[in-house]
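Visitor:
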Amino acid sequence: MTDKALAQADPEWLALISSAREWLSGPHGQLLLEEEQRVLEDELGRFFGGYLVHYGPGAEPPPKAPQVRRNVRLGAPLPGVEIICEEQAWPLCEHAADVVVLQHGLDFCLSPHGLLREAASSVRPGGHLLIVGINPWSSWGLRHVFTNDALRKARCISPSRVADWLNLLGFALEKRRFGCYRPPLASKAWQSRLAGWERKAGNWQLAGGGFYVLVARKMVVGLRPVNPLRREPMGKLIPLQMAKVNRRHTES
1 MTDKALAQAD PEWLALISSA REWLSGPHGQ LLLEEEQRVL EDELGRFFGG
51 YLVHYGPGAE PPPKAPQVRR NVRLGAPLPG VEIICEEQAW PLCEHAADVV
101 VLQHGLDFCL SPHGLLREAA SSVRPGGHLL IVGINPWSSW GLRHVFTNDA
151 LRKARCISPS RVADWLNLLG FALEKRRFGC YRPPLASKAW QSRLAGWERK
201 AGNWQLAGGG FYVLVARKMV VGLRPVNPLR REPMGKLIPL QMAKVNRRHT
251 ES
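Numbering follows UniProt numbering, with no gaps: position 193 of the sequence shown is 193.
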């Protein structure tokens, strides 16, 4: 089944996802995913429901929501993926998932608008969409410009632009978080020295983190507030004298 799916997949898209997976499995990608794991586990711990859908190029098992009954991973025909599909052809019904997580899905894709629409339509009204992306306004985003590895292929879309797209798709942004303030250095000695700065900057939630997490809630469609009927002021009733009946005229 996997060999057949590999043969049918878009070669350009498959090459992009494979190179992204390889980079995320390296030392820089592992540092990024390690910090993302903490943030995502913190956020996903407050959600509940029937289904969580995860889409992303990483090879590591994605974080799960303990209060969601079924956590499903879909994407390219690579090891660890349970449901194989292309980025704009998710085999899910509309409003099928309570939570959808795009972890670097928008960073490594052929059409970010198409992928985001696909993910948004899979979220039920009142459900949540979590987007993890590389922050272009950080040292990681700077490395994306000058490097020659797979990070060069990342789109690095700014969180403000993604928030605007979510708003157009009927989502309300609930939270914006940042993480991984340590620069993408290969030296483990420097990484350990900067661990204290990582904790402080994470507590302050500075906007220069290497990644961002957007938590958005899908608004309930079809419900509109009913305007109350306008009640015109009514005049007072003035009692009038009762007309007396002339019995003579009545009898005649």
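Heads up, the beta-carbon is just placed ideally off N, CA and C, and yes, glycines get one too. Small disclaimer: the values here were computed from a predicted structure and weren't measured.
With DSSP as the reference, label N167 as helix, strand or coil.
Guide: Reduced to three states, the DSSP call for N167 is helix.
Visitor: Going by beta carbon distance, what residues of the same chain come within less than 6 Å of Q75, once the five residues before and after it are set aside?
Guide: One point to set straight first is that residue 75 is Gly, not Gln, in the sequence displayed. Y55 and V81, listed in sequence order.
Visitor: Are I134 and L102 closer than 8 Å when you measure CB to CB?
Guide: Cβ distance not < 8 Å, so I134 and L102 don't count as in contact.
Visitor: Applying the criterion that 16 or more other CB atoms from any shown protein chain within 10 Å of the CB defines a buried residue, is E94 buried or exposed?
Guide: Answer is exposed; the Cβ neighbour count stays below 16.
Visitor: CB Q88 to CB E118, shorter than 8 Å?
Guide: Closer than 8 Å, so yes.
Visitor: Contact check, Y51 vs A97 under 8 Å by CB: the rounded distance?
Guide: About 5 Å separates the two Cβ atoms, so the contact holds.
Visitor: Could you say if the segment 16-23 and the segment 144-151 meet the contact criterion of at least three C-beta pairs nearer than 8 Å?
Guide: Output reads yes: the segment 144-151 touches the segment 16-23.
Visitor: Check for me: the alpha helix (DSSP H) holding P11 runs from which residue to which?
Guide: P11 to L24 is the extent of the alpha helix (DSSP H) around P11.
Visitor: Just tell me which of G170, A163 and V213 has its CA closest to the CA of F179.
Guide: The amino acid occupying residue 179 in the given sequence is Gly; Phe does not appear at that position. That would be V213, whose Cα lies nearest to the Cα of G179.
Visitor: Taking the C-alpha atoms as reference points, what is the distance between A163 and F108?
Guide: Distance between the alpha carbons of A163 and F108: 18 Å.
Visitor: By alpha-carbon positions, which one of E12, L92, W137 and P11 ends up nearest to L206?
Guide: Out of E12, L92, W137 and P11, W137 has the C-alpha closest to the C-alpha of L206.
Visitor: Take the Cβ of R143 as the centre, count every other Cβ of all protein chains shown within 10 Å, and call the residue buried at 16 or more, exposed below.
Guide: Classification for R143: buried.
Visitor: Rounded to the nearest angstrom, how far is the Cβ of V215 from that of E34, given a contact under 8 Å?
Guide: Not confirmed; about 20 Å, so no contact.
Visitor: Can you give me the Cβ contacts of V100 inside the same chain, cut-off strictly under 6 Å, excluding the 5 residues immediately before and after it?
Guide: So the list reads V53, A119, S122, V123 and L129, once near-sequence residues are dropped.
Visitor: Over what stretch of residues does the alpha helix (DSSP H) that includes L115 continue unbroken?
Guide: Here the alpha helix (DSSP H) through L115 covers P112 to S122.
Visitor: What is the residue span of the beta strand (DSSP E) that F211 lies within?
Guide: Start and end: F211 to K218.
Visitor: Is G58 helix, strand or coil by DSSP?
Guide: Coil, per DSSP.
Visitor: Would you report the Cα separation of G49 and R38, rounded to the nearest angstrom?
Guide: Cα-Cα distance, rounded: 21 Å.
Visitor: Determine the DSSP secondary structure at residue 256, reduced to helix, strand or coil.
Guide: Any answer about residue 256 is impossible in this case: the structure gives the chain only from 1 up to 252.
Visitor: Counting only runs that start and end within the segment 78-160, where is the beta strand (DSSP E) found for 3 or more residues in a row?
Guide: With a minimum length of 3 residues, the continuous beta strand (DSSP E) runs that stay inside the segment 78-160 are 97-103 and 123-134.
Visitor: Report the partner residues of residue 296 according to the DSSP bridge assignment.
Guide: There is no way to answer for residue 296, as the model of the chain reaches only from 1 to 252.
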